[in-house]
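Mapping the sequence shown onto numbering that gives the first Met the number 0, position 62 (from 1) lands on 61, and the numbers just tick up by one.
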Amino acid sequence: MARIVVADDDIDIRELVEFKLSAMGHDIVAVADGAAAVEACRAQRPDLAVLDVMMPGMSGLEAVRLIRADPTLADLPVVLLTARAQESDVATGFESGADDYITKPFSPRELAKRVDTLLARESPDSH
């Protein structure tokens, strides 16, 4: 079981992601914006973070940059979830430090697969 921070200002999407990942047995910390996501990551380091890009206040991109700048969180796997599917948006997401980029609308099954892949890559058993 992994601890995952999920940040999305759209409550329906946040609850969908939370439901899917908790159904897989993960412990979810759901928040509504980037600042709360960074705070949640610093308070108790999760195994993974799923961040919406477009949120009021601090965006997911800004949150990823802060996470990467924090030595205790620099290697935290981060998935960006966004409605912005342009090639330049995807490039910006990866440049900001994201490990994966999923565009909305997304398949919960696809999200689950990508989360599993990132968690497997990070687990000490896989090395």
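C-beta atoms are modelled at their ideal positions from N, C-alpha and C, and glycine is treated no differently.
TODO: Taking all protein chains shown into account, decide if Ile66 is buried (16 or more other Cβ within 10 angstroms of its Cβ) or exposed.
DONE: Buried, because 16 or more other Cβ atoms sit within 10 Å of the Cβ of Ile66.
Open item on the list: Can you tell me whether Asp88 is helix, strand or coil according to DSSP?
Closed with: Note: Asp88 maps to helix in three-state DSSP.
- [ ] Can you give me the start and stop residues for the alpha helix (DSSP H) that Arg83 sits inside?
- [x] It is not in any alpha helix (DSSP H) - Arg83 carries neither H nor E in the DSSP assignment.
TODO: Put Val4 into one of helix, strand or coil per three-state DSSP.
DONE: DSSP places Val4 in strand when its eight states are reduced to three.
Task: Where Ala29 sits in the DSSP three-state scheme - done: In the structure shown, Ala29 sits in a strand (DSSP, three-state: E or B).
TODO: Please say whether Leu47 and Ile3 have beta carbons closer to each other than 8 Å?
DONE: Remark: C-beta atoms of Ile3 and Leu47 approach each other more closely than 8 Å.
Task: Rounded straight-line distance, which links the Cα of Asp69 to that of Ala42 - done: Cα to Cα, the separation comes out at about 12 Å.
Task: Ala1 to Gly24 span [Cα, whole Å] - done: Going from the Cα of Ala1 to the Cα of Gly24 covers about 8 Å.
Task: Chain-order list of residues whose beta-carbon lies under 6 Å from that of Ala82 (same chain, five-residue window excluded) - done: The answer, listed in chain order, is Lys103.
Open item on the list: If I measure Cβ to Cβ from Lys19 and keep anything under 7 Å in the same chain, skipping five residues before and after, which residues do I get?
Closed with: Hits under 7 Å: Pro107, Leu110 and Ala111.
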